[in-house]
Amino acid sequence: KSQMLGVPAALIREHGAVSEPVAHAMAEGAVLNSRAQVAVAITGVAGPTGGTPDKPVGMVCFGWSNRLQTRVETRHFKGDRKQVRLQAAEHALRGLLDFLDSAES
202 KSQMLGVPAA
212 LIREHGAVSE
222 PVAHAMAEGA
232 VLNSRAQVAV
242 AITGVAGPTG
252 GTPDKPVGMV
262 CFGWSNRLQT
272 RVETRHFKGD
282 RKQVRLQAAE
292 HALRGLLDFL
302 DSAES
């Protein structure tokens, strides 16, 4: 996250890797460090371990960015690791469609 996307290590230390500020920085970094016009970032706790009371298994933060704006959102999914990852991927793609629609209007 830090090296490829330019996410400041201090941001990860302050908020944790699974957080809206990090998802925001990841999405912006993906656009700024590539020729992409739009980017999607996902960071979360898919499980089965790794959850905490503040960041339980199933918590996923999303970021969508273009060169003009960035949107972030957090969702909580239920299920095993595979189900959480599938739901997160589906939500990321649906969110991308919404993001693109809102960017055009």
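Residues 202 to 306 in this note's numbering are what the sequence shown lists, from first letter to last.
Note that CB positions come from ideal geometry on N, CA and C, so glycine has one too.
A quick note: this is a predicted structure, and the numbers were derived from the prediction, not measured.
- By alpha-carbon distance to V258, the top candidate from N234, T271, R286, V241 is R286.
- Here S266 is buried, its C-beta having at least 16 other C-beta atoms within 10 Å.
- A direct Cα-to-Cα measurement between L233 and V219 gives close to 21 angstroms.
- Per DSSP, reduced to three states, the secondary structure at F263 is strand.
- Rounded to whole angstroms, L297 and E229 show a C-alpha spacing of 14 angstroms.
- Within the same chain, and ignoring the five residues on either side of A210 in sequence, the residues whose Cβ sits closer than 7 angstroms to its Cβ are S203.
- In this structure, DSSP gives V223 a helical state, which the three-state scheme calls helix.
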